[in-house]
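What follows is one structure encoded as structure tokens, with my remarks underneath.
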Amino acid sequence: MACNNKLTSDILQSCDDLPKKGLANNKAVIVNVSDVDWSSTTSSGATVTSLTLKSGNTGYKLEDFKDLASTNSSFAPNAEDVDGFTHSWLSRILTTKAEDAESANQLKNGRFIMVVETNYGRGTTNSYKVYGFENGLKLAEMTNGSKDNSGAILYTLTSEEGTVEQYPFMILNEGDYATTTASYEALFAEV
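What follows is the structure in structure tokens.
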């Protein structure tokens with residue numbers, strides 16, 4: 006079996022490479038799994054080396070402020086199946102207009118991949134993280150209360166029950182920071 010079942014390198018800490026929390030620029034790109042061109046999308050280990058969408062498709066920008074959006078991953082041991090990690094994206098739709106209700110409905114019915122730039126690694130090839138790459142993320146919770154959270158719609162996209170991802174996150178690195186940033190800013194659009 007080719008699964009990694011032992012530690013193969015040191016896990017070292019460095020005061021020159023400290024962790025940083027949060028998402029860069031309070032934004033993310035959400036991609037419909039059905040829009041991914043899997044024959045052209047490539048990965049190696051925990052690195053996505055090319056995220057390619059089918060012709061005419063695009064990812065969509067999600068914006069937030071005040072660090073209100075976040076990503077999470079948790080180890081999911083399973084006595085009867087493959088161990089792995091579950092991924093989550095927590096965010097909010099800030100207003101309650103008709104188009105926001107439409108967006109909420111689309112989130113309810115979709116399966117997504119999230120790509121975010123984190124403050125850790127910003128400006129390097131470790132900056133962009135990918136969640137839900139192998140199995141996608143589905144809507145797990147959505148709430149709206151007129152007196153809560155300024156009336157915003159809170160939602161969580163997460164790994165579907167019974168599915169896991171191999172890594173706690175994947176790194177998007179299309180060769181260098183500038184190339185990866187250009188793909189991210191273009192919402193991975195293929196024309």
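For the sequence shown, position 177 (counting from the first letter as 1) is numbered 182 according to the numbering used here, and the numbering increases by one without interruption. Don't be surprised by glycine CBs; every beta carbon is placed ideally from N, CA and C.
Exercise for review: Compute the Euclidean distance between the alpha carbons of A191 and E68, then round it to the nearest angstrom.
Suggested key: Numbered from its first residue, the sequence shown carries residue 191 at position 186. Numbered from its first residue, the sequence shown carries residue 68 at position 63. Between A191 and E68, the C-alpha separation is close to 15 Å.
Practice item. Put V120 into one of helix, strand or coil per three-state DSSP. Key: As a first step, residue 120 must be located in the sequence shown, where it is residue number 115. Reduced to three states, the DSSP call for V120 is strand.
Practice item. Check the DSSP bridge columns for K77 and list the partner residues they point to. Key: As a first step, residue 77 is located in the sequence shown; it is residue number 72 there, counting from the start. Per the sequence presented here, residue 77 reads as Asn, with Lys not at that position. According to DSSP, N77 bridges with S93.
Check your understanding: If we count Cβ pairs, one from each stretch, closer than 8 Å, do we get three or more for the stretch 100-116 versus the stretch 70-77?
Key -> Taking 8 Å as the limit for Cβ pairs, the verdict is that the stretch 70-77 does not touch the stretch 100-116.
Check your understanding: Along the chain, which unbroken stretches of the beta strand (DSSP E) at least 3 residues long are found entirely within the stretch 122-165?
Key -> Qualifying beta strand (DSSP E) stretches, in chain order: 133-136, 143-149 and 158-163.
Point to revise | T185 (DSSP reduced to helix, strand or coil) | key: Residue mapping note: residue 185 aligns to position 180 of the sequence shown, counting from 1. Helix, per DSSP.
Check your understanding: Is it right to say V169 is buried, meaning 16 or more other beta carbons lie within 10 angstroms of its own, or is it exposed?
Key -> Position 164 of the sequence shown holds residue 169. Buried: at least 16 other Cβ atoms inside 10 Å.
**Study point:** Cα-Cα separation between V34 and D153, rounded to whole angstroms
**Key:** Sequence index remark: in the sequence shown, residue 34 carries index 29 (1-based). Sequence index remark: in the sequence shown, residue 153 carries index 148 (1-based). Near 26 Å, if we compare the C-alpha coordinates of D153 and V34.
Practice item. For L17, count neighbouring Cβ atoms within 10 angstroms of its own Cβ and tell me buried if that reaches 16, exposed if not. Key: Locating residue 17 in the sequence shown gives position 12, where the first residue counts as 1. L17 should be labelled exposed.
Practice item. State the DSSP-derived secondary structure class of A103, mapped to helix, strand or coil. Key: Taking the first residue of the sequence shown as 1, we reach residue 103 at position 98. Reduced to three states, the DSSP call for A103 is helix.
Practice item. Give the C-beta separation of N37 and G137 to the nearest angstrom, bearing in mind that I take them to be a contact with Cβ-Cβ under 8 Å. Key: Locating residue 37 in the sequence shown gives position 32, counting from the first residue. Locating residue 137 in the sequence shown gives position 132, counting from the first residue. Between N37 and G137 the beta-carbon gap is near 11 Å, outside 8 Å, which marks them as no contact.
Exercise for review: Report yes or no: is there a C-beta of chain B within less than 7 Å of the C-beta of K26?
Suggested key: Protein chains in the displayed structure number just one, and chain B is not present.
Practice item. Determine the contact status of V41 and V135, defining contact as a CB-CB distance below 7 Å. Key: For the purposes of this step, residue 41 is identified with residue 36 of the sequence shown, where counting begins at 1. For the purposes of this step, residue 135 is identified with residue 130 of the sequence shown, where counting begins at 1. Taking 7 Å as the Cβ cut-off, V41 and V135 do not qualify as a contacting pair.
Point to revise | Cα-Cα separation, A109 to S48 | key: In the sequence shown, residue 109 corresponds to position 104, counting from 1. In the sequence shown, residue 48 corresponds to position 43, counting from 1. For A109 and S48, the distance between alpha carbons rounds to 31 Å.
Practice item. Drop a sphere of 10 angstroms on the beta-carbon of F174, count the other beta-carbons inside from all chains shown, and report buried for 16 or more, exposed for fewer. Key: For the purposes of this step, residue 174 is taken as residue 169 along the sequence shown, with counting starting at 1. Burial call: buried.
Exercise for review: Can you give me the start and stop residues for the beta strand (DSSP E) that N31 sits inside?
Suggested key: Locating residue 31 in the sequence shown gives position 26, counting from the first residue. Run containing N31: L28 to N37, per the beta strand (DSSP E) assignment.
Review point. Who are S45's beta bridge partners in DSSP?
Key: Numbered from its first residue, the sequence shown carries residue 45 at position 40. In the DSSP output, where bridge partners are listed per residue, S45 has none listed.
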